[in-house]
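The block underneath contains the structure these notes are about, expressed in structure tokens.
Numbering (the working numbering), first residue to last: 10 to 110.
Next up, the structure:
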């Protein structure tokens with residue numbers, strides 16, 4: 010059984026924060042790629058390559074989006090306010106998770 014959401018909460022430098030991951034699965038790789046690309050264009054971001062996966066960072070939502078095969082991950086790291094979230098932290102977590110898919 011797969012849990013679609015994982016959240017870890019903690020405190021760093023006296024400030025509360027969290028690392029959260031949301032998993033989505035498409036019926037096919039083509040379906041996942043189309044939905045992922047539409048989301049990237051809607052959020053007006055530039056594509057990134059993380060290992061053998063596609064990705065993009067959305068400053069608007071404070072989330073790193075990563076697609077590998079038919080699996081799409083949305084990763085956020087940092088405070089609850091999207092504009093204060095850490096792109097590098099989300100990128101590192103996304104890379105770790107991508108290697109496990």
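We put the CB at the ideal spot given by N, CA and C, even for glycine.
Around the C-beta of residue 50, fewer than 16 other C-beta atoms lie within 10 Å, and the residue is accordingly described as exposed. A straight-line Cα-Cα distance of about 6 Å links residue 55 and residue 65. Only residues of its own chain outside the window of five on either side were considered, and among them none has a CB closer than 6 Å to the CB of residue 90. When C-alpha distances from residue 100 are compared across 72, 37, 92 and 109, the shortest belongs to 72. Burial state of residue 68 is exposed, judged by a 10 Å Cβ sphere holding fewer than 16 other Cβ atoms.
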